[in-house]
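Residue numbers (the numbering used here), protein chains in the order written: chain A, 11 to 109; chain B, 11 to 109.
Every residue gets a Cβ at the ideal spot worked out from N, C-alpha and C, and that includes glycine.
These numbers come from a predicted model, not from an experiment.
Note sheet for the following structure.
Protein chains: 2
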Amino acid sequence: MSKVSPTETERCIESLLAVFQRYAGREGDNLKLSKKEFRTFMNTELASFTKKDPAVVDRMMKRLDINSDGQLDFQEFLNLIGGIAVACHDALLVQPPHP
Amino acid sequence: MSKVSPTETERCIESLLAVFQRYAGREGDNLKLSKKEFRTFMNTELASFTKKDPAVVDRMMKRLDINSDGQLDFQEFLNLIGGIAVACHDALLVQPPHP
Chain A
11 MSKVSPTETE
21 RCIESLLAVF
31 QRYAGREGDN
41 LKLSKKEFRT
51 FMNTELASFT
61 KKDPAVVDRM
71 MKRLDINSDG
81 QLDFQEFLNL
91 IGGIAVACHD
101 ALLVQPPHP
Chain B
11 MSKVSPTETE
21 RCIESLLAVF
31 QRYAGREGDN
41 LKLSKKEFRT
51 FMNTELASFT
61 KKDPAVVDRM
71 MKRLDINSDG
81 QLDFQEFLNL
91 IGGIAVACHD
101 ALLVQPPHP
């Protein structure tokens with residue numbers, strides 16, 4: 011049965027799963043990003059957003075860690091991706107109201 | 011200045027923006043998915059999830075349309091992507107507890 015090639019949206023969802031797993035699987039609980047794993051993820055995948063500033067990364071972790079267990083589960087990770095995507099969307103497409 | 015190639019996570023965020031814009035920009039408000047645009051998006055990009063069943067698509071739209079304005083903005087669209095990603099993550103990685 012020929013496998014239909016995934017759509018752009020399906021590839022994006024696959025990427026989210028693969029990237030989270032790549033970093034969450036490095037140590038400890040494979041379903042959560044530890045502080046160290048999150049820092050490695052941010053400095054590798056989203057360095058342009060944090061300029062590799064540990065203080066910025068730690069603050070982001072605190073805000074994202076909704077259940078304060080010191081780790082980020084997949085939903086908390088998606089909130090980060092969503093937050094960045096909305097910020098980019100607003101910056102690129104939503105013109106600021108004219109004064 | 012050589013443009014560093016985007017990371018997998020950055021490409022994914024770019025895709026989310028591009029796909030949303032591709033469908034939201036077809037008619038009416040370019041920053042929102044109308045019911046028709048959402049149906050076209052689902053039947054093109056995520057047909058494997060809905061089997062192109064209009065009733066399924068309409069039910070999803072109602073649940074996603076948090077502010078009930080009959081359209082989906084980018085945040086409501088991201089909630090869909092996040093919901094599907096979490097469902098896939100749980101199905102693939104989170105083994106159901108042994109009875």
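Secondary structure of residue i, DSSP reduced to three states
i: A/S25; result: helix
i: B/L90; result: helix
i: B/L56; result: coil
i: B/L43; result: strand
i: A/T17; result: coil
i: B/D63; result: coil
i: B/D83; result: coil
i: B/L103; result: coil
i: B/V96; result: helix
Segment limits, alpha helix (DSSP H) that includes residue i
i: B/E37; result: Taken as a continuous stretch (DSSP letters only), B/E37 belongs to no alpha helix (DSSP H), as it is neither H nor E.
i: B/N77; result: Careful: B/N77 lies outside any alpha helix (DSSP H) and carries neither H nor E.
Expected contact under 8 Å - CB spacing of residue i and residue j to nearest Å
i: A/G80; j: A/K45; result: 7 Å
i: B/A95; j: A/L88; result: 6 Å
i: A/Y33; j: A/L43; result: 6 Å
i: A/F30; j: A/F84; result: 6 Å
i: B/C22; j: A/C22; result: 5 Å
Residues near residue i by beta carbon distance below 8 Å, same chain, minus five either side
i: A/P16; result: E24
i: A/N53; result: T60, K62, V67
i: B/T4; result: No statement about residue 4 of chain B is possible, as the shown extent of chain B runs from 11 to 109 and does not include it.
i: B/L90; result: M70, L74, L82
Own chain partners of residue i with C-beta closer than 7 Å, once the 5 adjacent residues on each side are dropped
i: A/E86; result: L74, D75, I76
i: A/D39; result: Q81
i: B/E55; result: V29
i: A/L27; result: none
i: A/M11; result: With a pLDDT of 39 at A/M11, under the threshold of 50, the predicted position of this residue should be treated as unreliable, though the coordinate-derived value follows. Hits under 7 Å: none found.
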